[in-house]
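Visitor: Numbering (our numbering), first residue to last: 36 to 377.
Note that the Cβ used here is the ideal one computed from N, Cα and C, for glycine as well.
Quick caveat: nothing in here was measured; it's all calculated off a predicted structure.
1. Could you give the distance in angstroms between the alpha-carbon of residue 329 and the alpha-carbon of residue 302?
2. Please name the residue, chosen from 202, 58, 242, 177, that lies closest to residue 158 on a Cα-to-Cα basis.
3. Do you know whose CA, among 236, 95, 300, lies nearest residue 279's CA?
4. Using a Cβ distance threshold of 8 Å, determine whether the segment 140–157 contacts the segment 245–257, with at least three qualifying pairs required.
5. Measure the beta-carbon distance from residue 233 to residue 132 and round it to whole angstroms, keeping in mind my assumption that it falls under 8 Å.
6. Just reading off the beta strand (DSSP E) that residue 138 is part of, what are its end residues?
7. In chain order, what residues of the same chain have a beta carbon less than 7 Å from the beta carbon of residue 342, not counting five sequence neighbours either side?
8. Work out the CA separation of residue 358 and residue 171 for me, nearest whole Å.
9. Relative to the alpha-carbon of residue 96, which residue among 339, 138, 90 has its alpha-carbon at the smallest distance?
10. Does the Cβ of residue 103 have 16 or more other Cβ atoms within 10 Å, making it buried, or fewer, making it exposed?
11. Taking the alpha-carbon positions, what's the residue 98 to residue 112 distance?
12. What are the uninterrupted segments assigned as beta strand (DSSP E) that are 3 or more residues long and contained completely in the segment 108–182, given in chain order?
13. List, from N- to C-terminal side, the alpha helix (DSSP H) runs of 4 residues or more that fit wholly inside the segment 189–271.
14. Check whether the segment 62–70 and the segment 142–150 are in contact - that is, three or more C-beta pairs closer than 8 Å.
15. Output the boundary residues of the alpha helix (DSSP H) element that contains residue 80.
16. Please confirm if residue 85 has its CB atom under 8 Å from at least one CB of chain D.
Structural data, given as structure tokens:
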């Protein structure tokens with residue numbers, strides 16, 4: 036391991052910091068960037084100041100998510116003098132989840148720590164997160180107890196979303212939206228991110244058997260630039276949560292979901308048929324005087340369609356797993372056998 040003990044004020048911008056490519060670093064920082072040119076030099080100085088106190092090798096992967104300002108130019112200047120700083124530039128804005136996925140894909144560290152580039156996350160907390168991992172955890176999630184954001188547009192929707200996510204997923208965390216987290220690389224290798232699902236990584240990890248915890252982290256008010264998040268993001272999170280729950284519960288057995296809905300619909304159709312017969316012969320109500328025939332036919336057709344969709348989904352899932360050689364399980368460890376799933 037190599038440590039860099041220079042303080043921020045001592046950094047010589049004319050000399051490039053070396054990067055030992057022969058071994059993967061201990062720590063990879065993944066930092067999405069979108070129009071943060073004023074914050075990037077300050078963030079880099081804070082990273083140097085904080086990480087120089089750790090006896091760990093590290094790299095920082097900045098992902099420019101289609102910035103329209105000079106963010107990438109600032110990253111180029113920083114990367115030119117410090118080989119530990121890497122940059123990935125998107126052709127356009129793809130969103131925070133895509134930026135995190137790209138950063139993870141291009142990282143090589145044993146531990147991966149995402150954080151925001153807006154200076155609201157404090158790099159000083161990285162040490163505490165990494166130390167918490169050393170207690171036997173696989174994921175350590177940050178919890179912004181004293182959050183410096185707007186109450187109505189940010190705090191209240193976030194509080195509601197966190198409660199719903201914890202209830203639906205069964206993984207109880209206070210702050211899913213906090214970007215500052217620490218992951219063991221082995222946990223992330225089987226997780227692919229889509230939509231706004233970067234906040235659900237602790238849920239995926241927990242469902243894979245990982246030990247997940249959280250700890251308080253510092254949250255600063257934004258100084259430069261504007262927040263890119265709005266209240267509309269809450270609705271996207273809820274829709275993604277539905278997707279996550281479906282993927283976890285029914286991904287390998289979709290017939291259970293579609294078939295259950297189909298059977299319920301057919302039972303409703305049968306109930307409608309029985310009741311309209313009762314109305315016909317006991318209460319002298321003709322079929323044209325009640326909507327039950329139409330409802331019964333509709334429920335029956337919906338039920339049949341759902342069952343057929345379930346069968347088609349089963350065929351698709353078998354094709355998905357068998358064509359790509361994917362397993363429907365995840366091996367944690369083996370005894371006296373080659374661990375072929377690493």
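Guide: Straight from the coordinates:
1. 15 Å
2. 177
3. 236
4. yes
5. 4 Å
6. From DSSP, residue 138 is part of no beta strand (DSSP E) but of the alpha helix (DSSP H) over 131–141.
7. 293, 294, 297
8. 36 Å
9. 138
10. exposed
11. 15 Å
12. 120–124, 146–149, 174–178
13. 191–204, 220–223, 236–242
14. yes
15. 75–86
16. Structure shown: chain D not included; a single protein chain is present.
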